[in-house]
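Read the structure below first, then the notes.
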Ligand SMILES: Nc1ncnc2c1ncn2[C@@H]1O[C@H](COP(=O)(O)OP(=O)(O)OP(=O)(O)O)[C@@H](O)[C@H]1O
Ligand SMILES: [Mg+2]
């Protein structure tokens, strides 16, 4: 349904995205995951015909986004990073207005508005002006305007950003329910979010695609090495070698040098040997060193990127 091939966008000399290739099947929900400046919005703007790429191809439902932009626009709904909402309009009035802009048949407008108001649970605020709405409700109005022309393809740029946890849950389940019949691409910084909503994930970093996989496979990749941080008082070289000898430990490195020979060390455990952590304190006790801290280190999204980018394990 969506085909992106060697897509590149340069902003003058600055990099936007570089040689991005991926496809999305009909009915699939694809997560676009990446840190700030990765190129998520850039890719989405190209797909939604908001700006041309420097080179490469993108097709939606078989139509080229550059050559057949009218056909493409008819088939997509777009929730931009910041939705241009008119604060002095009531919700249904605004949605009717957008329906008009998007060329929805006049006879269908009322029906479409009432449909998306149901879908996005907006009936409770049907009398309110958009300016009076909470952020979560505004985001729903944003989603409703993207859905108003009953598009086959939905492109949602960070749909849960800035929402409170309850609103996040609601918006996520709403998006999830949109999959199947529609093809959805959504962008996010949040890894658990893609596991919850998406069948597949594209990871993008500094304009380049670093992984395309299912969330399950990515999570497995992350769990391959679990990390533990310890703060130990003892001779650095000996700590490195003794801890490194523990069965199940794949790597030890000094994370931070402190006073009195008390250093922080980062220990990486082999996959399926995360129990090896319990063997660390006995070694320290046997050596008569002091143990000041010991805690598991969660892998942040940035760690994953660094791992993916530096190791180039997948794709
Ligand atoms: N209009 C522009 N002019 C110049 N450079 C731009 C422009 N828009 C984006 N960029 C650059 O392109 C790169 C990708 O930006 P983009 O907005 O696509 O990232 P993003 O993944 O959406 O990030 P964020 O998570 O912050 O929204 C960045 O280096 C950014 O500075
Ligand atoms: Mg963005």
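Residue numbers (the working numbering): 1039 to 1353. We put the CB at the ideal spot given by N, CA and C, even for glycine.
Collapsed DSSP secondary structure at residue i in the structure displayed
| i | result |
| --- | --- |
| residue 1104 | coil |
| residue 1164 | coil |
| residue 1350 | For residue 1350, the predicted structure reports a pLDDT of 44, less than 50, and the residue's modelled location is therefore unreliable. A value from the coordinates is still provided. Residue 1350 falls in the coil class under three-state DSSP. |
| residue 1285 | coil |
| residue 1064 | coil |
| residue 1124 | coil |
| residue 1228 | coil |
| residue 1214 | helix |
| residue 1047 | strand |
| residue 1300 | strand |
| residue 1139 | helix |
| residue 1251 | strand |
| residue 1084 | helix |
| residue 1328 | strand |
| residue 1093 | strand |
| residue 1354 | Outside the modelled stretch of the chain, which goes from 1039 to 1353, sits residue 1354, for which no answer is possible. |
| residue 1199 | coil |
| residue 1315 | helix |
| residue 1264 | strand |
| residue 1274 | helix |
| residue 1171 | coil |
| residue 1235 | helix |
| residue 1334 | strand |
Proximity test, residue i beta-carbon vs ligand 1 heavy atom, cut-off 6 Å
| i | result |
| --- | --- |
| residue 1052 | yes |
| residue 1091 | no |
| residue 1065 | no |
| residue 1096 | no |
| residue 1074 | yes |
| residue 1116 | no |
| residue 1049 | yes |
Own chain partners of residue i with C-beta closer than 8 Å, once the 5 adjacent residues on each side are dropped
| i | result |
| --- | --- |
| residue 1168 | 1123, 1124, 1125, 1126, 1127, 1128, 1129, 1132, 1176 and 1179 |
| residue 1135 | 1124 and 1127 |
| residue 1187 | 1112, 1115, 1137, 1140, 1141, 1142 and 1150 |
| residue 1319 | 1329 and 1332 |
| residue 1313 | 1286 |
| residue 1294 | 1301 and 1302 |
| residue 1075 | 1244 |
| residue 1240 | 1060, 1068, 1069, 1070, 1071, 1247, 1249 and 1250 |
| residue 1121 | 1176, 1177, 1179, 1180 and 1183 |
| residue 1171 | 1129, 1163 and 1179 |
Residues of its chain near residue i, where Cβ-Cβ distance is below 6 Å and the 5 sequence neighbours each way are ignored
| i | result |
| --- | --- |
| residue 1200 | 1173 |
| residue 1057 | 1044 and 1046 |
| residue 1041 | 1061 and 1097 |
| residue 1328 | 1271 |
| residue 1264 | 1307 and 1312 |
| residue 1334 | 1266 |
Selected residue, minimal CA-CA separation from residue i, among the options
| i | options | result |
| --- | --- | --- |
| residue 1098 | 1215, 1235 and 1193 | 1193 |
| residue 1195 | 1312, 1117, 1307 and 1293 | 1117 |
| residue 1153 | 1071, 1181, 1170 and 1315 | 1181 |
| residue 1184 | 1065, 1309 and 1157 | 1157 |
| residue 1297 | 1310, 1269 and 1190 | 1269 |
| residue 1275 | 1302, 1264 and 1254 | 1302 |
| residue 1278 | 1265, 1256, 1305 and 1230 | 1305 |
| residue 1069 | 1100, 1208, 1231 and 1164 | 1231 |
| residue 1083 | 1221, 1146, 1225 and 1064 | 1225 |
| residue 1209 | 1239, 1170 and 1160 | 1160 |
| residue 1273 | 1255, 1089, 1310 and 1325 | 1325 |
| residue 1316 | 1281, 1145, 1162 and 1100 | 1281 |
| residue 1206 | 1223, 1235 and 1221 | 1235 |
| residue 1189 | 1145, 1203, 1119 and 1065 | 1065 |
| residue 1063 | 1291, 1146 and 1191 | 1191 |
Residue i: CB within 6 Å of a non-hydrogen atom of ligand 2
| i | result |
| --- | --- |
| residue 1119 | yes |
| residue 1079 | yes |
Proximal residues to residue i (C-beta, below 7 Å), its chain only, five neighbours per side dropped
| i | result |
| --- | --- |
| residue 1054 | 1047, 1048, 1077, 1080 and 1245 |
| residue 1166 | 1128 and 1129 |
| residue 1087 | 1103, 1107, 1110 and 1111 |
Any chain C beta carbon closer than 7 Å to residue i
| i | result |
| --- | --- |
| residue 1074 | The structure shown contains no chain C; it holds only a single protein chain. |
*Are the segment 1285-1305 and the segment 1240-1252 touching, with three or more C-beta to C-beta distances below 8 Å?*
no
*Pairing CB atoms from the segment 1101-1117 with CB atoms from the segment 1205-1216, are three or more of them under 8 Å?*
no
*asked:* I want to know whether the segment 1082-1093 touches the segment 1041-1048 - three or more CB-CB distances under 8 Å.
replied: yes
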